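Written below as structure tokens is the structure these notes are about.
The structure is reproduced here in structure tokens:
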């Protein structure tokens, strides 16, 4: 879950990257391989990839919107 309660829009990409890293950690967790779903690790990798890609896209859009590079 991504907690967006105290997040301003320009910090959303960073929150998405944090969630992506969490998904990668879950993908590498050996306990997830013991789940009934043998593909759970790959599913977490997909989640991580989508979040990271979305963060990059949002970074570009925010940069264009505000007319400058984000730090």
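Residue numbers (my numbering): 384 to 454.
For every residue, glycine included, the Cβ atom is placed at its ideal position computed from N, Cα and C.
These figures come from a predicted structure and were not determined experimentally.
Going by beta carbon distance, what residues of the same chain come within less than 7 Å of residue 414, once the five residues before and after it are set aside? none
Please determine if the region 405-412 and the region 438-447 are in contact, where contact requires at least 3 C-beta pairs separated by less than 8 Å. no
On the premise that residue 434 lies in contact with residue 406, defined as a C-beta separation below 8 Å, what is that separation, rounded to the nearest angstrom? 7 Å
Of the residues 436, 422, 423, which one's Cα is nearest the Cα of residue 402? 436
Please report the straight-line C-alpha distance between residue 449 and residue 389, rounded to a whole angstrom. 21 Å
In its own chain, which residues sit with a C-beta less than 6 Å from the C-beta of residue 396, not counting the 5 before and 5 after it? 438, 441, 442
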